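Numbering (our numbering), first residue to last: 903 to 1775.
Encoded structure:
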């Protein structure tokens, strides 16, 4: 079989992904094997692959491929999320371009457009994941708006409502004026913005006096219903019990007292706008104040804004400032920097707003979810995120689950009257009608009298049951699949959704199935550029993952992503990492071509160096493999990959192949060749989860395989014992080889010149002399008495010497060594000075002290070696 001189990932990757799909290697159904299950963090249905997705899904694929090879029934469930806010915003924008408002066409017609949009753009990201090599069970692909999943969401709402855990309340929420919906506290991103601090004059009623109140939002004066002072503030004793007049508005409001007011901040007088500030809202409830809503849903002033009605909240600010100045109600304006809440989805400044919303009580749901993470029933990797999780769970607030959108799961609440309590919750209108007749004691009610809530549920309300609903565990409890696949094994996600999703899935698992949803949570870091900036479209610093895979290949890109991707820590990504991945793929390909290019001679006998190399690599592989598996078990995938990389590049390609390769044009013996092929197959097995395409290609080029023998399902190696002595002696051999090669280069000796080397007798048991002689081009390895003049080097305690060549300039060599000696003596003095510093020794970590002591020992050894060389000249 002719093997291409260059590896072509583009051709290979398409071929093997098609092959895997055709033979249904990704498919999973319950059977006698132990399951290993991952559910994908569902990306937005209309999204496209970005670097974060690349990292997350590469890690999932590594885990699922390894599990499949280890004999588990591996099931990776893919799917997408309907993403209420993001998708609705895109559909609204598209309609706007056509001059259409969603309110003009109504809910039903709008949803038709939303489904059209989803069908047109949805699923692109899943197709892109196939390019990455993701081995998902595509027959199981789910969408959070699929009929069965939608039914599950509705059922969960009804059940929780009937248990008294869901309630409707008139509360302060975070309002997104762009999306025209409320959002959760976790979806508010605080950004530092430059603004102004306005000092307004509030005249005291029946007096010529006025007080000064500082605010960053003068437009909110139209909602002021009190001014608050601290009762302990001596400056305002005279103000207690009085009223003041709100500027421009002319409304008389009471001066109230509350220790909430900070004596040190601003003027000590606080304007209270209960309908548009969370803290003011709390004061309003406590002091029974009026709540005056001054904004429309798109953050324009409403009729309570008087002559500013219909004007945008920010655009009107300058006009209000001007009017205040004209009426001598503005004392001064200062530049001011503060943190402003913005919507994670749309980026606009959120507006605190009071409205009727649906809430889920969280305190009881949180307890088992907290306990079972803290006691490691569910393990976090890295465990540092347990503290973040605990802090949020211990201070959890009720979940605002309703959104003022049309795209999503419509809340199954049906209103039949004008009162705030005139509603029932049911799965169907018919069931709702029965409940409404009972509740209202009115048998004359008809379906036409019922109106379903316009609100939809928060997108996360469908995602929190994802590990259950994808196996139909809500609608069909105790079905074969939920009993087999649940709980899942590993969840791979970003720490930024630990509250949105991870915590809530854990709560849902214990609430609905009385069982954890997964055993382990692997938190990825944030993908950043080499300058440390988070990758984003706005910065233009995020490469297109598809373009990367087209240029470097999916394997190389996967490797580039994972080489520096420790769990929970940010990934400093550089395209050079993909180049490193491509070079690695080429290294393996060329090694394979080298092996397959050898002619086998059945009569050829294996040499001692080849036998030694085989024994060493058998043990070295097991040592490295144990390290790799340990890293896997601790979810250190980046470390596992680096161990594989070093095993293949350094140990197999660089050392093993060099030792066993026959002389140019010479054949190789059958025994060595077959051992080498076996080693190659083993390294392909451990590399396959990371670089599936390249490894499958070489696997099939090594030998013709049936579909049952494909690498993707071949048996993974098992950890066995290894001989540390063999590994240690070979390491000494490598070090001696490197040293003699370095000495040749340093002294100008030709690599082709066979050398005589003298060494202690002990060296014959501490290095493999035959390997050293071949790699170091040593003609004679002598343990007799060393010559008086020569060049020496050390390997640990072993001393080696090469007789001095007549071609060497002795005087120049002496000067060179003397200079080297002085440098090392100076270095030793600086280290000893540090170690003699009592303050340093007592204050530095033990690891730092040990490093300095090693530097001292190394310098002493080097000085001794140089002095010996000088003495020999």
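Glycine is no exception: its CB is placed at the ideal position from the N, C-alpha and C atoms. The model shown is predicted, which means the values in this text are computed figures rather than measured ones.
{"Asked": "Own chain residues within Cβ distance below 6 Å of residue 1421, not counting five before or after", "Found": "1391"}
{"Asked": "Given 8 Å, three or more beta-carbon pairs between the region 1043-1055 and the region 983-1003", "Found": "yes"}
{"Asked": "Sufficient close CB pairs (3 or more, under 8 Å) joining the region 1052-1066 to the region 1220-1232", "Found": "no"}
{"Asked": "Entirely enclosed alpha helix (DSSP H) segments - the region 1553-1613, minimum 4 residues", "Found": "1559-1562, 1572-1589 and 1594-1604"}
{"Asked": "Which of helix, strand or coil DSSP assigns to residue 1261", "Found": "strand"}
{"Asked": "Residues bridged to residue 1703 [DSSP beta-bridge criterion]", "Found": "1660 and 1694"}
{"Asked": "The beta strand (DSSP E) enclosing residue 1197, as first and last residue numbers", "Found": "Neither: residue 1197 is in no beta strand (DSSP E) and is coded neither H nor E."}
{"Asked": "Per-residue burial, residue 1021 [other beta carbons within 10 Å of its own, 16 or more giving buried]", "Found": "exposed"}
{"Asked": "Residue range of the unbroken beta strand (DSSP E) whose run includes residue 1066", "Found": "Neither: residue 1066 is in no beta strand (DSSP E) and is coded neither H nor E."}
{"Asked": "Residue 1515 in three-state terms, based on DSSP", "Found": "helix"}
{"Asked": "Cβ pair count under 8 Å reaching 3, the region 1268-1277 against the region 1328-1346", "Found": "no"}
{"Asked": "Presumed contact (8 Å Cβ cut-off) between residue 1196 and residue 1185, rounded CB distance", "Found": "No, residue 1196 and residue 1185 are not in contact; Cβ-Cβ is about 17 Å, not under 8 Å."}
{"Asked": "DSSP bridge partner residues for residue 1325 (one or two, in chain order)", "Found": "1317"}
{"Asked": "Range of the contiguous beta strand (DSSP E) that encloses residue 1173", "Found": "1171-1174"}
{"Asked": "Between the CA atoms of residue 1063 and residue 1323 - distance to the nearest angstrom", "Found": "14 Å"}
{"Asked": "Touch test, the region 1127-1138 against the region 1148-1163, Cβ-Cβ under 8 Å, three pairs minimum", "Found": "yes"}
{"Asked": "Residue 1300 - DSSP class collapsed to helix/strand/coil", "Found": "coil"}
{"Asked": "Span separating the alpha-carbon of residue 1844 from that of residue 1257", "Found": "Nothing can be reported for residue 1844, as the shown portion of the chain is limited to 903 through 1775."}
{"Asked": "Under the three-state DSSP convention, the category residue 917 falls into", "Found": "helix"}
{"Asked": "Extent of the continuous alpha helix (DSSP H) to which residue 1675 belongs", "Found": "1671-1677"}
{"Asked": "Top-ranked residue by Cα proximity to residue 932, from 943, 965, 977 and 917", "Found": "977"}
{"Asked": "Secondary structure, alpha helix (DSSP H): runs of 4+ residues fully inside the region 1387-1446", "Found": "1406-1410"}
{"Asked": "Status (buried if at least 16 other CB within 10 Å, exposed otherwise) for residue 1419", "Found": "buried"}
{"Asked": "The region 941-949 touching the region 1583-1603, judged by at least three CB pairs closer than 8 Å", "Found": "no"}
{"Asked": "Residue range of the unbroken alpha helix (DSSP H) whose run includes residue 1023", "Found": "1004-1023"}
{"Asked": "Sufficient close CB pairs (3 or more, under 8 Å) joining the region 1558-1576 to the region 1508-1519", "Found": "yes"}
{"Asked": "4 or more residues per run - each alpha helix (DSSP H) lying fully within the region 1189-1257", "Found": "1217-1228"}
{"Asked": "Supposed contact pair residue 1486 and residue 1461 - C-beta distance, whole angstroms, cut 8 Å", "Found": "6 Å"}
{"Asked": "Test item: CB-CB of residue 1408 and residue 1260 under 8 Å", "Found": "no"}
{"Asked": "Residue 1036 and residue 963 closer than 8 Å at C-beta", "Found": "yes"}
{"Asked": "Neighbourhood of residue 1598 by C-beta, 6 Å cutoff - its chain only, sequence neighbours within 5 removed", "Found": "918 and 1613"}
{"Asked": "Assumed close pair residue 1638, residue 1669 - CB separation to whole angstroms, cut-off 8 Å", "Found": "5 Å"}
{"Asked": "Span separating the alpha-carbon of residue 1704 from that of residue 1755", "Found": "31 Å"}
{"Asked": "Cross-strand partners of residue 1159 (DSSP beta bridge)", "Found": "1131"}
{"Asked": "Where residue 1273 falls: helix, strand or coil (DSSP)", "Found": "helix"}
{"Asked": "Rounded C-alpha distance that separates residue 1367 from residue 1600", "Found": "42 Å"}
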